[in-house]
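Worksheet: the structure to be examined is printed underneath.
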Amino acid sequence: MARRSRRGVSALLGGLLLALTAGPLQAGAAAPARVPAAEGTGMVMVLDSSGSMARKDGSGGTLPQALNSVRAGGTPTDSGRKAVGTVVDAMPEGYPTGLRVYGADKPKGCDDTRLAQPVTALDRAGLKKAVAGVRPKGDTPIGLSLRKAAADLPRPAAGSLGKRTILLISDGQDTCRTPQPCQVAAQLAASGVDLHIDTVGFQVAGRARAQLECIAKAGNGQYYDAPDAKALARQLQRAGQLSADGYRFKGTQVRGTATRDGAPGLIPGQYLDSLGPNEERYYATDLDAASAADFSATVVPPSGAPVGLLDALHTRVVYGSDGVCDSTTALFGQREGAAPLTSGVSRIPTQSGTGRCDKAGRYWLVVERKAARGSDAARWPLELTFHVEHPLKKGVTPAQSAPEYGAGGKDAPLPATAPKDVTGGTGFNDARTLHQGVWRDKVLPAQTLWYKVPVGWGQQLRYDVEFANEPRSKDYRAATSYGATQVYTPSRTPVGNGTGEFSPHVPYNGRPASLSMGTVPVAWTNRYEAHPNVRPVHHNGDFYIAVTLGARASQFAENPRIGVVLRVAVLGKAKDGPQAGASVSEASRRESGPSADVAQDSGGGWSTGRVVAVAVGGVGVLLLVGLALAYVRPRRQPAAADGDADPRRGGSW
């Protein structure tokens, strides 16, 4: 009986792992072209093949029987493939993937761990062959296996920001005394910004679950609970997809300094660095007296990494001995787990030209990460952008500022056509282009999807995000997560919060929930407005939309991914330029069609009806400083004449 059970377990796990590496199974799925994985990127799955994996499940049947309950008929391998086959939507061809097993070769022994398949470009046939011979046998040397798995992963080249993932799948705790798994996880996580350890616990409780949770927390990763075979398939899919779809970075490597002395000089462009908890980094640049300078800083923590409610990213532009030209803080605003966080600041000369920050000379961008005790202690990748806007040509009078939402308020009519499929990007650098219309996608718990929408002079972006009615798993524990969205200017400054018009977050428990978001019209003169959600909307171009689902949704959502619909409108006719009396371009008179890189509608049983909004009152993400202005409508006011830090712009942390 034990022999038959072990064979069944092997077939089950083989089916699950093969599903992670199978070809696409969903007809009509909108899969974008994937860029090659960054050097040093890859995932190694560490599979518990110890004797405990041959036991019966908690319902009295064997583990394969539990899996077969997912889909009647077929072999356990077939059932596993059907159960998690959709994971291939986010596993790009050639993604470096390997397999390590422990407890598979000896009835007893704390050195029983081996690399069954090297971490190389996705080799489906090789993984099938490696999994086929796995039979549960021996002990559970988790600590040693983690250490070996880290060495299995490729090392990133100097200056590159890869993403290395160890995915541990286990049903019990380490049976070997040394090395201690949590200590190993912490040591590995501290070795670089690019490594994290996710764990999946199958039917675990007590000390076994506590140890797996500890490994994930110490390893900057997530713990996924799987009380039955169907949940195991679901959680494996989520973990695999999040690993493959990590934020794709772009930029030149730079290393900020702890003080102004020796700070690296920046020219307009995009840069990469890293930032530790409660650390401050300085970057220098030389500016003339008349041009505006826009800076952004984006930290990209491991998805779902522990954060505090007030953990934040603080940016400021400084000049002289104590002059602060602009200062902004972005908050996580929730405790469910980290997501990408962006803060943007600008140096904008005053209209009078007599302010302290109007002078030509050396300026510094200062980026600071605020972290509470118990928050993720790892260094996070940091992406910086720097743009310079030269003044308008002499004699050109800019159009009046546009600080009111007007037609783009919360009651603005939005498209109600049949939705078209789209697959969001991983970040700013590969955000998918959308135009006016209705779009549908699917999001994983702890994932952020990214889109961009071209918005012209005089136009404003207005959109709704609707999270689908999601079946809840049978182990549903009345958990509530959140859905969130944020909109960013072309210079990556977030502008969607604190206005009183829109809220960036909504509670989500599997029932339909929706959010509204938008910007004021684009006007060159908005740069002289006081409100932090108006001032940055001073240039045309691609505006970015980020959509996030909280990590806690993995505790109740039945499907690995949750449906989301975006209703996008670009209001107003684009003008030819920022000047007063600018004409409307002929191109803008034509109705925008679907983006060339977006697939057409493929059905799929989605309802095209609007989702009724849920009252906001839960957790949130990406909150800007200026909350004192949260319910004050913006009005036109000149910038501070003396150029000192304007209290309406937010002070130092």
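Counted the way my numbering counts, the sequence shown spans residues 1 to 653. C-beta: ideal position from N, C-alpha, C; glycine also.
Contact set for residue i: own chain, Cβ-Cβ below 6 Å, skip 5 residues either direction
| i | result |
| --- | --- |
| H390 | S291 |
| H539 | P490 |
| P471 | E558 |
| T338 | Note on residue identity: the sequence assigns Ala, not Thr, to residue 338. The residues are P301, A305, V307. |
| D675 | It is not possible to answer for residue 675, since the shown part of the chain is limited to 1 through 653. |
| T257 | A263, Y282 |
| R432 | V422, G424, G425, Y451 |
| L232 | F202, A226 |
Terminal residues of the beta strand (DSSP E) in which residue i lies
| i | result |
| --- | --- |
| A284 | 280–287 |
| R124 | Run containing R124: none in the beta strand (DSSP E); it sits in the alpha helix (DSSP H), 124–132. |
| S296 | 292–299 |
| A484 | 481–488 |
| A226 | 223–226 |
| T342 | 341–347 |
| L571 | 562–571 |
| P277 | Unbroken run through P277: none, as it is neither H nor E. |
| S514 | 513–518 |
CB of residue i within 9 Å of CB of residue j, strictly
| i | j | result |
| --- | --- | --- |
| R238 | W364 | no |
| A406 | K575 | One point to set straight first is that residue 406 is Gly, not Ala, in the sequence displayed. In this structure, K575 does not lie closer than 9 Å to G406 by Cβ. |
| A216 | P398 | no |
| L549 | G458 | no |
| T140 | G172 | yes |
| I166 | V254 | no |
| G333 | A551 | no |
| T385 | S274 | no |
| A468 | I562 | yes |
| V547 | T448 | yes |
| T493 | D294 | yes |
| E529 | P403 | yes |
| D198 | G219 | yes |
| D111 | K137 | no |
| L313 | R369 | yes |
| T178 | G133 | no |
| P521 | R234 | no |
| G265 | G251 | no |
| A185 | L146 | yes |
Cβ neighbours of residue i in the same chain (closer than 8 Å, five flanking residues each side left out)
| i | result |
| --- | --- |
| F249 | A38, L161, L272, V300, P381, E383, G427, N429 |
| F502 | K410, G496, L515, S516, M517, G518 |
| P154 | E39, G40, T41, G42, P96, V119, G162, R164 |
| D376 | N220, P277, P301, P302, A305, P306, V307, A338 |
Residue i in three-state terms, based on DSSP
| i | result |
| --- | --- |
| Q183 | helix |
| G262 | coil |
| G103 | coil |
| F202 | strand |
| K442 | strand |
| E93 | coil |
| D57 | Caution is warranted here: a pLDDT of 43 is assigned to D57, below 50, making its placement in the model unreliable, and the coordinate value is therefore given only provisionally. If DSSP states are grouped into helix, strand and coil, D57 belongs with coil. |
| L434 | coil |
| L161 | coil |
| L115 | strand |
| D411 | coil |
| Q460 | strand |
| D358 | helix |
| R590 | For R590, the predicted model reports a pLDDT of 39, less than 50, meaning its position is unreliable and no value from the coordinates is stated. |
| C176 | coil |
| K420 | strand |
| L212 | helix |
| F428 | helix |
Bridge partner(s) assigned by DSSP for residue i
| i | result |
| --- | --- |
| Y363 | T285, Y319 |
| A557 | R472 |
| H538 | DSSP lists no partner for H538. |
| F386 | G269, F295 |
| P398 | Q579 |
| L449 | V547 |
| G98 | V44 |
| A378 | In the DSSP output, where bridge partners are listed per residue, A378 has none listed. |
| L313 | A330, R369 |
| F249 | Partner(s): none; F249 has no beta bridge. |
Boundaries (first-last residue) of the alpha helix (DSSP H) holding residue i
| i | result |
| --- | --- |
| E529 | Looking at the DSSP string, E529 is not in any alpha helix (DSSP H), and its letter there is neither H nor E. |
| S243 | 229–244 |
| G143 | 142–152 |
Neighbourhood of residue i by C-beta distance below 7 Å, restricted to the same chain and skipping five residues each side
| i | result |
| --- | --- |
| D358 | A289, P349, T350, G643 |
| R316 | V324, D326, S327, V345, V366, S652 |
| A372 | G308, L310, D311 |
| A478 | none |
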